[in-house]
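So the structure is just underneath, and the comments pick up after that.
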Amino acid sequence: KLCSACSDPDLSPSHCFTPPCRAMTGEFTIRTRKFKQNPLLGRRQFVLDVIHPGMANVSKKDLATKLASMYKVHDSQCIQLFGFKTAFGGGRSTGFGLIYE
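Numbering-wise, our numbering comes out as the position in the sequence shown, counting from 1, plus 6.
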C-alpha cells in the first residue's frame with residue numbers, strides 16, 4: 007500500500023507530518039469581513055481570513071483566482087492582496103484585499 011501524501015511504498019500515512027490528501031490537493035477556505043465599497047477609488051476592500059489546515063500558507067495567486075470566481079471578477083489582475091500574517095501554530099492567515107473595477 008502506498009502513502010497517499012508522499013507515495014512511499016513502505017511506510018504508513020502516519021509517518022508524514024501533513025494530513026494525507028488535504029495538503030496535496032491544496033484545500034483552503036476563504037472568508038471576507040469588514041467588506042466595504044469605495045466608489046471614489048473604484049474598488050471594494052475587505053479583510054481576508056484564510057483557513058488552510060495542513061499547509062504552511064496559500065499563494066496569493068491561488069487566493070486571487072478563488073476570489074475572482076467568488077465575486078465574479080473578469081480578470082484576477084484586478085485583485086490586490088497584501089499584509090498577510092500567519093497565526094501562531096499555522097492553519098490560519100489574515101490579510102487585506104482590494105478588488106478594482
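Note that CB positions come from ideal geometry on N, CA and C, so glycine has one too. This one's a predicted model, so the numbers in the text were calculated from it and none came from an experiment.
Identity of the residues DSSP links to Lys42 by a beta bridge: Gln51
Only counting the same chain, and skipping five residues up and downstream in sequence, which positions put a Cβ closer than 6 Å to that of Phe90? Ser99, Gly101
How long is the line joining the alpha carbons of Leu46 and Tyr106, rounded to whole angstroms? 11 Å
Less than 8 Å separating the beta-carbons of Ser82 and Ala74? yes
Which stretch, first to last residue, makes up the beta strand (DSSP E) that contains Ser99? 98-106
If Val64 and Phe34 are in contact, beta carbons under 8 Å, what's the gap, nearest whole angstrom? 5 Å
Lys91 - containing beta strand (DSSP E), residue span: 85-92
Would you report the Cα separation of Lys78 and Ala70, rounded to the nearest angstrom? 11 Å
Going along the chain, which residues of its own chain have a beta-carbon closer than 7 Å to the beta-carbon of Phe88, five neighbours each way excluded? Gly101, Phe102
Relative to the C-alpha of Gly95, which candidate in Cys84, Arg49, His58 has its C-alpha closest? His58
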